[in-house]
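Chemist: Got a structure for you, questions after.
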Amino acid sequence: QVFTFNRVEIRVQPSVKVKNGAPMSIICHADISKNTDFQLKHNFTIFKDGKLVFMTVSEREDVRYEIPVAKSSDTGDYECTVKANGKLRFSNSIYVWVAGMTKPILTADKKEVLEGEVVKLRCELPEEVPPLEFFFRKIKTNSAPKEKRVPERNQNFSEVEYYVEEGDNILQFDCFGKRQVRSGWESSQHSNKTLVTVKEPFVKPTLITRPSSNVTEGDKIEFECSTVVAQMRDIEVIFQKDRKILKSVRDKKFLKYSTIATQEDSGEYLCKVEQGAVSKTTKLNVSVSELFPKPTLLASMTKLDENKDLILNCSINGFLKANFSIVQKSSRGDILLKNSRVLAIKVNVNDTGSYTCKAEVKGIVKESKPVRINVYAPVSRPTLSVVNGSPEVVLGKPLQLICHSVMGTPPITFTFYKGDEIKKNVTNDTYATFLDEDIGLNDNGGYKCDARNNHSSGVKTSNILNVTVIVPIRDASLGSVPYGEVEVGSDTAFLCSVKEGSWPIDFKFFKKTDHEVLLHEVREYSDRTIWHKKTMKRKDTGTYYCVASNRASVNVRSRPITISVILAAWQKGVIAAFALTAMAGAGAVALWWFLRKKKKAKGPSMEMSGSALAPDLTSEKLTRQPSDGNYYSGSGYIEDNENHMKSTDESKGPDLESAEVDYTEVEVSTLDPHR
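Residue numbers (the numbering used here): 3 to 677.
Right, dumping it as structure tokens:
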């Protein structure tokens, strides 16, 4: 029994697009070739979107998966597998679209509500499978529906709450659903419409005025605000103008408010009733006619010197019968100056400020616009000085000046001059500063400043300020006489000089060792100084340099020079003479030793002669002055050689006894230690 799969295929009846609610069949067919006609069992398996939905065993070569009522949830990719005697084959995938969705069901938790309450709605798609999207609609007469969208990923229903607003009388709600398919979004039909009746917790308030909404300044005006309430609990009545609350009551349905009308009372008034989330408002416009215009305050002068006369006059255009008063404004409140239309005073600087006048008719008080009065004291003569206190400036550095007036009413205008040239104008209270960044060698004076304010006395000028320009030290150098090598015991002159710099100059001389050693310092009103160092010694050999500074506070260091202290000429001669004398003495001793040895060699009598000579020579000492700490004895040297000679002569035997004895005396003179 041999067989083979030719192919496995899947198809849909009536088509791959099926209307929602219609029957649908998924057919899996296996095309098999056999060598003989025998029975073969097939295991059929059908999958939707990778999940098993149908499985059967049959001897036939095709099976049918029947869906009597197709739903949108049956939309998806279908494929089938066939297995027989260990052989397995797969079909291709086919996409089936069940078009259309089931009609949703909408329910409301209330059929009748009050304004400000909440209606809870539930929309359900019983035969649909999430994810889904639900759309709820609130429908009012003569207005567009208000829609809310709610996505649901894990359930086939959704719930929302709607707030019932003022004016919602009869409401209708419905819903519909959407799902995403391969070609886009698919929508369901709209649900049944649910009707909700709305009741008012209170009626819209009424607002009236007495005597009317058009009154004149000085008239009494009354406002009444009222409403009709179903329940008095938590109700509040508020009366306001623009944003300002004038009066309010709680747990009452009636409010009264009265006032004496002024022109500022013209405008829009609101009566607002609130209970819970419900708020209802009634508006009313009120017009207040002017009884008399605002007064006008006139000043004889607005800027004047102290001790001058000032006249203030208050008036109302076309209106004479009023109670007038003139006041001065202050941070602590108004200061009443006089209950009159006219005020005349002799001013001082403390009278500077704002003034107004007030007029009263029938209890209505009106105030004029403020008038600013400025009283000026004359400026005192300014003083000009350098900010850091010292009238000096380093060349190339900025110079900051300050001009100050002790007396004078601000604002004060200060003018800085450099020579006859105006450099800067500054307006300030009591002082001003000026920074001169262009300092030259010739800028040694000529600064001054002016001060003036609005006083009629005019300009005051400071004294002329002379400023000293300090030139910094430049290029310090060091020399010496003699230069380079100096004999022991002689004097050396060190010369330190600068190429440029203001006097006085501080000079310091240093010797460079393991640490800097200050040898000499001096202040000079010159660009150079000489330091004489007495009696140079060998330890004074080394490197020297100098440092120069002035009031510019910049230390300038010279290049170093090297001084070598050597021996004097006479000291070199003494050392040479001593060396030659020592060499001559050594040669004489060597010659004497040689001759003596020769005499011993002439005969055996040499030993006796030598013995007799020794005591004489011993008494004659060969001495050397201890100039370098060593001391030599001439007798010791000779005795050692005699003993040596003796031992040598004895070893020679009788041949030497007949030799003649010759000797030579050597006299060594003593050195003079003072030469």
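For glycine and all other residues, C-beta sits at the position ideal for the given N, C-alpha and C. Keep in mind that this is a model prediction, so the values were computed, not measured.
(1) Which one of Arg343, Thr284, Phe294 has the shortest CA to CA distance from Phe321?
(2) I'd like the list of long-range same chain contacts for Arg530, defined as Cβ closer than 7 Å, with 5 residues on each side in sequence excluded.
(3) To the nearest angstrom, how far is it from the Cα of Cys227 to the Cα of Leu299?
(4) Would Pro16 be called buried (16 or more neighbouring beta carbons within 10 Å of its own) or exposed?
(5) Skipping 5 residues on each side, what residues in its chain have a beta carbon closer than 8 Å to that of Thr304?
(6) Grab the span of the beta strand (DSSP E) containing Phe294 for me, first residue to last.
(7) Looking at C-alpha atoms only, which residue of Phe137, Phe418, Thr429 is the closest neighbour of Leu448?
(8) Taking all protein chains shown into account, decide if Thr143 is buried (16 or more other Cβ within 10 angstroms of its Cβ) or exposed.
(9) Answer with buried or exposed for His517, where buried requires no fewer than 16 other C-beta atoms within 10 angstroms of its C-beta.
(10) I'd like the span of the beta strand (DSSP E) that includes Leu134, first residue to last.
(11) Any idea which residues DSSP pairs Pro153 with across the strands?
(12) Looking at the unbroken beta strand (DSSP E) that takes in Met234, where does it start and where does it end?
(13) How long is the line joining the alpha carbons of Ile347 and Val363, rounded to whole angstroms?
(14) Which residue's Cα is closest to the Cα of Leu345: Arg334, Thr358, Lys112?
(15) I believe Leu2 touches Leu397 by the beta-carbon criterion, under 8 Å. Please report the beta-carbon distance rounded to the nearest angstrom.
(16) Would you grab the beta carbon distance between Thr411 and Thr429 for me? Rounded to a whole angstrom, and I think it's under 8 Å.
(17) Shortest alpha-carbon distance to Val388 belongs to which of Val381, Pro380, Ala379, Ile404?
(18) Following the continuous beta strand (DSSP E) through Ala495, name the residue where it begins and the one where it ends.
(19) Do Ser260 and Ile223 count as a contact pair if the criterion is CB distance below 8 Å?
(20) If Glu149 and Arg139 are in contact, beta carbons under 8 Å, what's the gap, nearest whole angstrom?
(21) Looking at the structure shown, is Met585 part of a helix, part of a strand, or coil, going by DSSP?
(22) Assuming Val473 contacts Arg540 under a Cβ cut-off of 8 Å, what Cβ separation, rounded to an integer in Å, is found between them?
(23) Does the beta-carbon of Asp176 have 16 or more other beta-carbons within 10 angstroms, so that it is buried, or is it exposed?
(24) Inspect the beta-carbon positions of Leu134 and Arg181 and report whether they are closer than 8 Å.
(25) Helix, strand or coil, according to DSSP, for Asp336 in the structure here?
(26) By how many angstroms is the C-alpha of Phe56 removed from the C-alpha of Phe46?
(27) Since I believe Val120 is in contact with Glu163 (beta carbons under 8 Å), could you give me their beta-carbon distance rounded to a whole number of angstroms?
(28) Can you give the beta carbon distance from Cys451 to Pro384, rounded, assuming they're within the 8 Å contact cut?
(29) Tell me, which residues are paired with Ala24 by DSSP?
(30) Among the residues of its own chain, which have a CB less than 7 Å from the CB of Val519, if the five just before and after it don't count?
(31) Does the segment 306-316 come close enough to the segment 262-277 to have 3 or more Cβ pairs within less than 8 Å?
(32) If I follow the unbroken beta strand (DSSP E) through Gln3, where does it start and stop?
(33) If we call anything under 8 Å between Cβ atoms a contact, is Glu394 one with Thr470?
(34) So which of Lys73, Val556, Leu314 has the shortest CA-CA distance to Val349?
(35) Are at least three pairs of beta-carbons, each pair with one atom in the segment 188-196 and one in the segment 101-110, less than 8 Å apart?
(36) What are the partner residues of Leu257, as DSSP defines its beta bridges?
Modeler: Once the coordinates are examined:
(1) Here residue 321 refers to the residue found at position 319 of the sequence shown. In terms of Cα proximity to Phe321, the closest of Arg343, Thr284, Phe294 is Phe294.
(2) Counted from its first residue, the sequence shown places residue 530 at position 528. Cβ within range, chain order: Leu497, Cys498, Ser499.
(3) Counting from 1 along the sequence shown, the entry for residue 227 is found at position 225. Counting from 1 along the sequence shown, the entry for residue 299 is found at position 297. Using only the alpha carbons, I get a separation of about 41 Å.
(4) For this step, residue 16 is matched to residue 14 along the sequence shown. By the Cβ-count criterion, Pro16 is exposed, with fewer than 16 other Cβ atoms from all chains shown falling within 10 Å of its own Cβ.
(5) Translated into the one-based positions of the sequence shown, residue 304 becomes position 302. The residues are Val373, Arg374, Ile375, Asn376.
(6) Counted from its first residue, the sequence shown places residue 294 at position 292. No beta strand (DSSP E) contains Phe294, which DSSP labels as neither H nor E.
(7) Here residue 448 corresponds to residue number 446 of the sequence shown, with the count starting at 1. One detail in the question is off: residue 448 reads as Gly in this sequence, not Leu. Among Phe137, Phe418, Thr429, the Cα nearest to that of Gly448 belongs to Phe418.
(8) Numbered from 1 along the sequence shown, position 141 holds the residue referred to as residue 143. Looking at its Cβ environment, which holds fewer than 16 other Cβ atoms inside 10 Å, Thr143 is exposed.
(9) Walking along the sequence shown from the start, residue 517 turns up at place 515. It counts as exposed.
(10) Position 132 of the sequence shown, counted from the first residue, corresponds to residue 134. 134-141 is the extent of the beta strand (DSSP E) around Leu134.
(11) Here residue 153 corresponds to residue number 151 of the sequence shown, with the count starting at 1. According to DSSP, Pro153 bridges with Glu135.
(12) As a working mapping, residue 234 is identified with position 232 in the sequence shown. According to the DSSP assignment, Met234 belongs to no beta strand (DSSP E), since it is labelled neither H nor E.
(13) Walking along the sequence shown from the start, residue 347 turns up at place 345. Walking along the sequence shown from the start, residue 363 turns up at place 361. Cα to Cα, the separation comes out at about 27 Å.
(14) If you number the sequence shown from 1, residue 345 lands on position 343. Between Leu345 and the set Arg334, Thr358, Lys112, the nearest pair of CA atoms involves Thr358.
(15) Because residue 2 is not part of the residues shown, which for the chain are 3 to 677, the question remains open.
(16) In the sequence shown, the residue the question calls residue 411 occupies position 409. In the sequence shown, the residue the question calls residue 429 occupies position 427. Actually they are not in contact, since the Cβ atoms of Thr411 and Thr429 sit about 13 Å apart, beyond 8 Å.
(17) Stepping through the sequence shown from its first residue, residue 388 is reached at position 386. With distances taken between CA atoms, Val388 lies nearest to Ile404 out of Val381, Pro380, Ala379, Ile404.
(18) Against the sequence shown, residue 495 aligns to sequence position 493. For Ala495, the enclosing beta strand (DSSP E) covers residues 494-502.
(19) Taking the first residue of the sequence shown as 1, we reach residue 223 at position 221. Taking the first residue of the sequence shown as 1, we reach residue 260 at position 258. Taking 8 Å as the cut-off, the Cβ atoms of Ile223 and Ser260 count as close.
(20) Along the sequence shown, read from residue 1 onward, the residue named residue 149 stands at position 147. Along the sequence shown, read from residue 1 onward, the residue named residue 139 stands at position 137. At roughly 5 Å, the Cβ-Cβ gap stays under 8 Å, so Glu149 and Arg139 are in contact.
(21) Here the question's residue 585 lines up with position 583 in the sequence shown. Helix, per DSSP.
(22) Taking the first residue of the sequence shown as 1, we reach residue 473 at position 471. Taking the first residue of the sequence shown as 1, we reach residue 540 at position 538. About 41 Å separates the two Cβ atoms, so there is no contact after all.
(23) The residue given as residue 176 occupies position 174 in the sequence shown. Counting Cβ neighbours within 10 Å, Asp176 comes out buried, since at least 16 surround it.
(24) The residue labelled residue 134 in the question sits at position 132 within the sequence shown. The residue labelled residue 181 in the question sits at position 179 within the sequence shown. Cβ distance < 8 Å, so Leu134 and Arg181 count as in contact.
(25) Here residue 336 is taken as the residue at index 334 of the sequence shown, counted from 1. Asp336 falls in the coil class under three-state DSSP.
(26) The count along the sequence shown starts at 1 and reaches residue 46 at position 44. The count along the sequence shown starts at 1 and reaches residue 56 at position 54. So the two alpha carbons sit approximately 8 Å from each other.
(27) As a working mapping, residue 163 is identified with position 161 in the sequence shown. As a working mapping, residue 120 is identified with position 118 in the sequence shown. Contact holds; Cβ gap of about 5 Å.
(28) Looking up residue 451 in the sequence shown gives position 449. Looking up residue 384 in the sequence shown gives position 382. Right, their Cβ atoms sit about 6 Å apart.
(29) Numbered from 1 along the sequence shown, position 22 holds the residue referred to as residue 24. Answer is none; Ala24 lacks a bridge partner.
(30) As a first step, residue 519 is located in the sequence shown; it is residue number 517 there, counting from the start. Same-chain partners within the cutoff: Phe512, Lys513.
(31) Contact between the segment 306-316 and the segment 262-277 is absent: fewer than 3 CB-CB pairs across the two stretches fall below 8 Å.
(32) Your numbering for residue 3 matches position 1 in the sequence shown. First-last for Gln3: undefined, no H or E at that position.
(33) Sequence index remark: in the sequence shown, residue 394 carries index 392 (1-based). Sequence index remark: in the sequence shown, residue 470 carries index 468 (1-based). If you check the CB distance, Glu394 and Thr470 come in under 8 Å.
(34) Stepping through the sequence shown from its first residue, residue 349 is reached at position 347. A check of alpha carbon separations from Val349 across Lys73, Val556, Leu314 identifies Leu314 as the nearest.
(35) Segment contact: the segment 188-196 against the segment 101-110, three or more CB-CB distances shorter than 8 Å; contact assigned.
(36) Counted from its first residue, the sequence shown places residue 257 at position 255. In DSSP, Leu257 forms a bridge with Cys227.
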